[in-house]
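Residue numbers (the working numbering): 36 to 418. All residues carry an ideal CB built from backbone N, CA and C; glycine is no exception. A quick note: this is a predicted structure, and the numbers were derived from the prediction, not measured.
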Ligand code: HEM
């Protein structure tokens, strides 16, 4: 077999092709000022980060979509999620360079963009879709009937951007669905969903967790009364707030907020997240614990990207309407506030107990807590 011809740096990286892509809609880059070229370059760099993000998210999703998830593959998924985080952190930093452009400098070429907008970033939409942001969770954009319409060409015909997002919508499961299915299968107190009596084991763990919360709130209330010398009315108000939080925890673990047909799945999922997070020092739960951290970290980095973008936009264009026709900063702030995918994992932050109040683990050896290595009978977690 013929050996491939050795490539030069410029051939392998396609440097010349790359350097010819910064002219926007003009014939030549010479027609553009430095601000506009910088504006295009930063968008292009971010689109390349988005490309890497998509590859890493697909790798993680494919792993969790397997019916059995080998424990030794979880390190790879943790690394993928971490890379997603780093990509969003780097993309956020580019806004510093964007902000070196003053409002009036931007206004010299802004009209050229109209009605183009980052709102038409197909890869950003792909990331959201692949993560699992549902259509009915999206914030109404304003004059667009849907985010998909905004991806059509000006004459309403289909575009490559639209085709990309439509294809991604077919690419199931989403990462959220795949992770939920995997976490749902987590052995809880050594019991798996197909173990006889599993529902009772899960319910008992939830009951013990709530008992821990009662102690926690009692402790917090007593502490507040002791150090703050609260007036009786304030004490009552505080007590009512703690009771409300306890009731919230009960409703959450009973999954009362979800449709009845999804309740059993959701109950086990919620308890499983608490079980993993509370017992991550057990060898078999250590990697699942890191997956939970990785998902939170990666979603947090994406939210920080949205917030950072909004502040940069406010600095450059103030509160004017976006070129894409939205309310601009007000719309962007809404996305930063409301677009959450891993809601179950975020919700568990409110419920986690300090270690001394967590229910004791039954069958600790099941989770690898033995002096000898390989003591765990389970080769896989959650699967
Ligand atoms: C001076 C620079 C920029 C300004 C003034 C700006 C402004 C805006 C505005 C106002 C929107 C809301 C949609 C609209 O009505 O147009 C938007 C959306 C968006 N922009 Fe920017 N942007 C800038 C730079 C960037 C950069 C460098 C990126 C990186 C890729 C970016 C990515 C996005 C994305 C992904 C959206 C969609 C957000 C969503 O719908 O969730 N923008 N931008």
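Exposure of residue i, with buried meaning 16 or more beta-carbon neighbours within 10 Å
{"i": "residue 434", "result": "Any property of residue 434 remains undetermined from this structure, which presents the chain solely from 36 to 418."}
{"i": "residue 290", "result": "buried"}
{"i": "residue 398", "result": "exposed"}
{"i": "residue 409", "result": "Because residue 409 sits at a pLDDT of 37, beneath the cut-off of 50, its placement in the model cannot be relied upon, and the following sentence gives the value as read from the coordinates. Exposed, by the Cβ-count rule."}
{"i": "residue 380", "result": "buried"}
{"i": "residue 414", "result": "Only weak support exists for where residue 414 lies, its pLDDT of 38 falling under 50; the coordinates are left without a value."}
{"i": "residue 407", "result": "Here residue 407 scores only 48 on pLDDT, less than 50, and its place in the model should not be relied on; the value that follows carries that caveat. With fewer than 16 other Cβ atoms within 10 Å, it is exposed."}
{"i": "residue 160", "result": "buried"}
{"i": "residue 115", "result": "buried"}
{"i": "residue 48", "result": "exposed"}
{"i": "residue 262", "result": "exposed"}
{"i": "residue 135", "result": "exposed"}
{"i": "residue 46", "result": "exposed"}
{"i": "residue 44", "result": "exposed"}
{"i": "residue 62", "result": "exposed"}
Reduced DSSP secondary structure (H/G/I, E/B, other) of residue i
{"i": "residue 226", "result": "strand"}
{"i": "residue 326", "result": "helix"}
{"i": "residue 49", "result": "coil"}
{"i": "residue 37", "result": "coil"}
{"i": "residue 356", "result": "coil"}
{"i": "residue 344", "result": "helix"}
{"i": "residue 122", "result": "helix"}
{"i": "residue 86", "result": "helix"}
{"i": "residue 321", "result": "helix"}
{"i": "residue 405", "result": "coil"}
{"i": "residue 391", "result": "helix"}
{"i": "residue 307", "result": "helix"}
{"i": "residue 55", "result": "coil"}
{"i": "residue 377", "result": "coil"}
{"i": "residue 173", "result": "coil"}
{"i": "residue 130", "result": "helix"}
{"i": "residue 459", "result": "One cannot answer for residue 459 here, as it falls past the ends of the chain, which runs 36 to 418."}
{"i": "residue 410", "result": "Any answer about residue 410 is weak, because its pLDDT of 35 lies below 50 and its placement is not dependable; what the coordinates show is given next. Correct three-state label for residue 410: coil."}
{"i": "residue 43", "result": "coil"}
{"i": "residue 219", "result": "helix"}
{"i": "residue 314", "result": "coil"}
beta-carbon residue i near the ligand HEM non-hydrogen atom, thresh 7 Å
{"i": "residue 129", "result": "yes"}
{"i": "residue 240", "result": "no"}
{"i": "residue 357", "result": "yes"}
{"i": "residue 72", "result": "no"}
{"i": "residue 154", "result": "yes"}
{"i": "residue 367", "result": "yes"}
{"i": "residue 485", "result": "Examination of residue 485 is not possible in this model, given that the chain is present from 36 through 418 alone."}
{"i": "residue 361", "result": "yes"}
{"i": "residue 138", "result": "no"}
{"i": "residue 337", "result": "no"}
{"i": "residue 348", "result": "yes"}
{"i": "residue 190", "result": "no"}
{"i": "residue 119", "result": "no"}
{"i": "residue 141", "result": "yes"}
{"i": "residue 75", "result": "no"}
{"i": "residue 316", "result": "no"}
{"i": "residue 162", "result": "no"}
{"i": "residue 351", "result": "yes"}
{"i": "residue 81", "result": "yes"}
{"i": "residue 370", "result": "yes"}
{"i": "residue 78", "result": "yes"}
{"i": "residue 258", "result": "no"}
{"i": "residue 344", "result": "yes"}
Sequence-distant residues of its chain with Cβ nearer than 7 Å to residue i (five each side left out)
{"i": "residue 204", "result": "164"}
{"i": "residue 376", "result": "166, 167, 168, 211, 334"}
{"i": "residue 152", "result": "357, 358, 359"}
{"i": "residue 342", "result": "371"}
{"i": "residue 150", "result": "358, 359, 360"}
{"i": "residue 367", "result": "341, 344, 345, 348"}
{"i": "residue 129", "result": "77, 80, 81"}
{"i": "residue 412", "result": "Confidence at residue 412 is low in this model, with a pLDDT of 36, below 50, so its placement is unreliable and the value that follows should be read with caution. Once the five neighbours on either side are set aside, the close Cβ partners of residue 412 are 401."}
{"i": "residue 95", "result": "112, 115, 116, 210"}
{"i": "residue 404", "result": "317, 318"}
Own chain, CB closer than 8 Å to residue i, minus 5 neighbours either side, in chain order
{"i": "residue 228", "result": "219, 220, 303"}
{"i": "residue 388", "result": "244, 247, 248, 251, 313"}
{"i": "residue 278", "result": "252"}
{"i": "residue 274", "result": "256"}
{"i": "residue 133", "result": "73, 74, 77, 347, 351"}
Same chain only: Cβ atoms within 6 Å of residue i, ignoring 5 sequence neighbours per side
{"i": "residue 122", "result": "84, 87, 88"}
{"i": "residue 176", "result": "361"}
Minimum Cβ-Cβ distance from residue i to chain B less than 8 Å
{"i": "residue 41", "result": "This model lacks chain B altogether; it includes just one protein chain."}
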